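Step one of this worksheet: look at the structure below.
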Amino acid sequence: MKVQRRTHDVGAVRLRPPPVRGCVVCLLLLAVPLAAVRPVVAQAGGPTIGIRDGNGHPFRTPAGSPFEPVHRLALLSATRDSLRDGIALADVGDRLGFWIRRDPDGDVEYAGAIHGGAFSRFDLGGPDQALIEVHYRIGVLLRARFGAVAARAELYHLSSHLGDEFLLETGARPISTSREGLELMLQGSPASGLTVYGGPGVLLRATPDFAPLSLRAGAAWESAPGAPARFHASVDYFGWAELGWEPAIAAEVGAGLARGTRVGLLLGFGPSRAEQFLRQSERLVGLSISHVR
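With the numbering used here as the guide, the letters of the sequence shown map in order to residues 1 to 293.
Rendered as structure tokens:
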């Protein structure tokens, strides 16, 4: 997103590097399942349904949500007020299931996982396509299925940082946000190919201080696996008390290329999905390619 050479009115907070202690904990969490647990894909068995992911774990990842760590590359036009800029989103993210347990009757199952990702935004209008903003999210997940309903509890950490070249070029004040929170969501599949989800979130700690409550909900549809062509459509809503519950909407429609890989038209409006500019409203439209396991 190209920004005029002026100071932003998004609140000044000290720019600081990612917390070392948090990074060490994340690395240790990643090492445990790799070293000690056999792949849960082999344990999953049975056909996947609308509330299981491609690995047979409960609670299918809402791949169309901008908050989920997935692999994504998007070329977009971003409009703020009278400004229109070309930007690129480059997201890298994945999840790792390290434990799953099912009751003998198969009606109840529990699974543990971690996921994490980096969400980057680049300025395509500048001569060097400089990094504008990057934010990181890592979470510990407890997922479960009770009959036809899945649930997910996520304890997450999120931090954001502006690019150095962007700071030098625009003269923006150093900004950084950091917070930890808990999000609870339920998920169901009321019809074949259709998945709906939603639930509340609460912040446990934030820098600077933010209003704690939020709400996320959405729906996703995919055509039948055996169809000659695979199509999908999704919409995701996020509302936050800090922003007066102004809705942030992300929508996508497109086709699948291979298992877990898809291309589509991406749309978005409301508060910016870039953490550094969360108080600025924007409209996004462009092409996206993404992959999620």
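Glycine residues also receive a C-beta, built at the ideal position from the N, C-alpha and C atoms.
Note that the coordinates shown come from a computational prediction; the quantities given were computed from them, not determined experimentally.
Item, Value
"Please name the residue in Thr207, Arg152 and His161 whose C-alpha comes closest to that of leucine 182.", "Arg152"
"Would you give the residue range spanned by the beta strand (DSSP E) that threonine 170 belongs to?", "Counting along the chain, threonine 170 falls outside any beta strand (DSSP E), though it belongs to the alpha helix (DSSP H) covering 164-170."
"Flag this pair as yes or no: are the beta carbons of aspartate 139 and glycine 116 separated by less than 8 Å?", "The sequence as given places glycine at residue 139; aspartate does not occur at that position. Taking 8 Å as the Cβ cut-off, glycine 139 and glycine 116 qualify as a contacting pair."
"Report yes or no: do the region 140-147 and the region 117-127 share at least 3 C-beta pairs separated by less than 8 Å?", "no"
"What are the boundary residues of the beta strand (DSSP E) that aspartate 94 is part of?", "83-102"
"Residues in its own chain within less than 8 Å of proline 190 by CB, not counting five upstream and five downstream?", "Val196"
"By the DSSP assignment, the beta strand (DSSP E) with alanine 255 in it spans what residues?", "248-258"
"Taking just the CA atoms, how far does arginine 262 sit from glycine 254?", "7 Å"
"Are arginine 205 and glutamate 180 touching if we call contact CB-CB under 8 Å?", "yes"
"Can you name, in chain order, every residue of its own chain whose Cβ lies under 6 Å from the Cβ of glutamate 165, other than the five neighbours on each side?", "Ala130"
"Alpha carbon to alpha carbon, how far is asparagine 55 from glycine 64? Give it in angstroms, no decimals.", "18 Å"
"Between leucine 89 and arginine 72, which are expected to be in contact by the criterion C-beta below 8 Å, what is the C-beta distance as a whole number of angstroms?", "6 Å"
"Helix, strand or coil for alanine 241? Go by DSSP, reduced to three states.", "helix"
"Please work out which residues of its chain come closer than 6 Å, Cβ to Cβ, to glutamate 275, disregarding the five sequence neighbours upstream and downstream, and give them in chain order.", "His135, Ser160 and Thr177"
"Helix, strand or coil: how does DSSP classify glutamate 275 here?", "helix"
"Within 10 angstroms of its Cβ, does valine 70 collect 16 or more other Cβ (buried), or is it exposed?", "buried"
"With DSSP as the reference, identify every bridge partner of glutamate 68, one or two as the case may be.", "According to DSSP, which records beta bridges pairwise, glutamate 68 is partnered with nothing at all."
"Which residues share a DSSP beta bridge with alanine 144?", "Tyr110 and Ala151"
"Assuming arginine 293 is part of the beta strand (DSSP E), what are its boundary residues?", "Here arginine 293 belongs to no beta strand (DSSP E), and DSSP marks it neither H nor E."
"Evaluate leucine 168 with the Cβ neighbour count: other Cβ atoms within 10 Å of its Cβ, from every protein chain shown; 16 or more gives buried, anything less gives exposed.", "exposed"
"Starting from isoleucine 138, follow its DSSP beta bridges and name the residues at the other end.", "Gly116 and His157"
"Mapping DSSP to helix, strand and coil, what is histidine 232?", "strand"
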